[in-house]
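Participant:
Residue numbers (this note's numbering): 2 to 245.
1) Taking contact to mean at least 3 C-beta pairs separated by less than 8 Å, is the region 150 to 158 in contact with the region 72 to 83?
2) Compare the C-alpha of residue 92 against each of 19, 170, 64 and name the closest.
3) Could you tell me if residue 170 is buried or exposed, where buried requires 16 or more neighbouring beta carbons within 10 angstroms of its beta carbon?
4) Measuring only the C-alpha atoms, how far is residue 34 from residue 49?
5) If I measure Cβ to Cβ from residue 52 and keep anything under 6 Å in the same chain, skipping five residues before and after, which residues do I get?
6) Quick check on DSSP: helix, strand or coil for residue 57?
7) Just to confirm before moving on: does the CB-CB distance between residue 250 and residue 127 stay below 8 Å?
8) Do three or more CB pairs link the region 140 to 149 to the region 109 to 123 at distances below 8 Å?
9) Based on DSSP bridge pairs, tell me the residues matched to residue 109.
10) Looking at C-alpha atoms only, which residue of 182, 219, 107 is the closest neighbour of residue 98?
11) When the Cα atoms are used, what is the spatial distance from residue 109 to residue 136?
12) Going by DSSP in three states, residue 119 sits in which element: helix, strand or coil?
13) Taking the alpha carbon of residue 43 as the reference point, which residue from 29, 60, 21 has its own alpha carbon closest?
14) Could you please give the first and the last residue of the uninterrupted beta strand (DSSP E) stretch that includes residue 51?
15) I'd like to know whether the C-beta atoms of residue 84 and residue 192 end up nearer to each other than 8 Å.
16) If residue 188 sits next to residue 134, beta carbons under 8 Å apart, how far is it from one beta carbon to the other, in whole angstroms?
17) List the whole-angstrom C-beta distance separating residue 113 from residue 198, where the pair is believed to meet the contact cut-off of C-beta under 8 Å.
18) Once the 5 residues before and after residue 82 are set aside, which same chain residues still bring their CB inside 6 Å of it?
19) Out of 94, 172, 211, which has the shortest C-alpha to C-alpha gap to residue 186?
20) From the DSSP output, in three-state form, read off residue 24 for me.
21) How many Å lie between residue 40 and residue 15 at the Cα?
22) Where DSSP assigns a beta bridge to residue 102, which residues make up the other side?
23) Note down the Cα distance separating residue 80 from residue 124, rounded to an integer number of angstroms.
24) Can you look up residue 78 in the DSSP assignment and give me helix, strand or coil?
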């Protein structure tokens, strides 16, 4: 977390940022001390420390959202490094009134030797996002690298509060689109995700995919409510079954 905040403070355009909100999600480490040490070298109000005792990323995200006051709200994680132009790219893209929501490229940064069982097919767990080499509309934001206008945030509402969720950004994307806001992918909006070595084991990967599957099933159930159903199953799923 210290590396992330210090890296953020060194970016081009940081002088235009209203404030940085660090939400401590009930951690048992030295987050409070680290943040307050960094605060000492910054203008008053530049960095805001907040505590959210309810465990789970959606709770922390909602706390940060409620505390934010800026016209553009940017989200990231505590285990990323930033491309030097990251902030400047975001500010430049939001010069267009048509842009309501941005998400960007995420490059996994693994600082240890990969185990033999790992393959690129599993890169989703590392947060890898690389959709195109040019800006395109997309359906999903990624929590480690996204920015929204305040108006879009207010229309979408808060993140679904489920402590065991791993795809909170996928569900939130559904809310953004339902609110009538478009999401754009910007490939030059780049962060580097540092994956923790202690999580690099088969048990973690299995658990991640299991929780991801639960979230996606819940999202599909929400979508299916819009369609005519027979015994709780949408008709289009019957058709899909016959085709297969």
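For every residue, glycine included, the Cβ atom is placed at its ideal position computed from N, Cα and C.
Only a predicted model underlies this, so the values are computations on that prediction, with no experimental measurement involved.
Facilitator: Quick answer:
1) yes
2) 19
3) buried
4) 13 Å
5) 25
6) coil
7) Outside the modelled stretch of the chain, which goes from 2 to 245, sits residue 250, for which no answer is possible.
8) no
9) 194
10) 182
11) 20 Å
12) coil
13) 21
14) 48 to 52
15) yes
16) 6 Å
17) 5 Å
18) 8, 193
19) 94
20) strand
21) 15 Å
22) 149, 184
23) 16 Å
24) coil
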